[in-house]
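Working notes, beginning with the structure itself.
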Ligand code: IMP
Ligand code: MG
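This is the structure we're talking about:
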């Protein structure tokens, strides 16, 4: 395994997170519903903090834990830790990367069935346009990424930037 050049710097991610927070605030302006931001652990932890610290709206923080990858292989998402969703709340789910979209689809279905008024998706990375309401960066690629929360078998999450892991 080899770690490639910096794919996206920590600085660029933080700048983009600030822009996305402004979009979330704009969309939430005037709403009298509570706003819950759900972090999908563990991968989204770093990006989640970057986004929520710039939100002007008063929010509630919730955390879910989902396992959707085994090494470099995608698998069916399994919910390990659930969130508490207030009925009628607007929910923003914050993810690290949308790959097949199964994880965010599971979250959306679950929170709507728990009585959320709306569920929007915010992802640091996506492999396709249009798979989330707020997307940091889109790369139409099969590359496997590590860093800034993204892991390979639980390693590399603390790297301050996204890198390609070359098999
Ligand atoms: P999905 O359910 O297929 O959309 O998978 C999304 C989840 O897979 C993300 O939350 C990540 O945990 C994981 N994942 C997808 N691509 C990568 C990658 O390139 N590096 C690390 N984890 C990834
Ligand atoms: Mg994940």
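Numbering (the working numbering), first residue to last: 1 to 167.
Idealized CB from N, CA, C, for every residue including glycine.
Contacts around residue i, its chain only, beta-carbon distance under 8 Å, and the 5 residues preceding and following it disregarded
i: residue 103; result: 40, 66, 68, 77 and 95
i: residue 141; result: 127
i: residue 97; result: 43, 123, 124, 125, 126, 127, 145 and 150
Close-in-space but distant-in-sequence residues of the same chain around residue i (CB under 7 Å, 5 per side omitted)
i: residue 117; result: 33, 88, 89 and 90
i: residue 2; result: 166
i: residue 9; result: 161
Exposure label - residue i; buried when at least 16 CB within 10 Å
i: residue 29; result: exposed
i: residue 15; result: exposed
i: residue 56; result: exposed
i: residue 120; result: buried
i: residue 31; result: exposed
Identity of the residue in the options nearest residue i by Cα
i: residue 163; options: 152, 154, 147 and 157; result: 147
i: residue 21; options: 151, 108 and 59; result: 59
i: residue 113; options: 83, 123, 124 and 125; result: 83
i: residue 161; options: 43, 38 and 19; result: 43
i: residue 123; options: 38, 25 and 4; result: 38
Own chain residues within Cβ distance below 6 Å of residue i, not counting five before or after
i: residue 46; result: 148 and 149
Any C-beta of chain D under 8 Å from that of residue i
i: residue 136; result: Absent from the structure: chain D. Only one protein chain is present.
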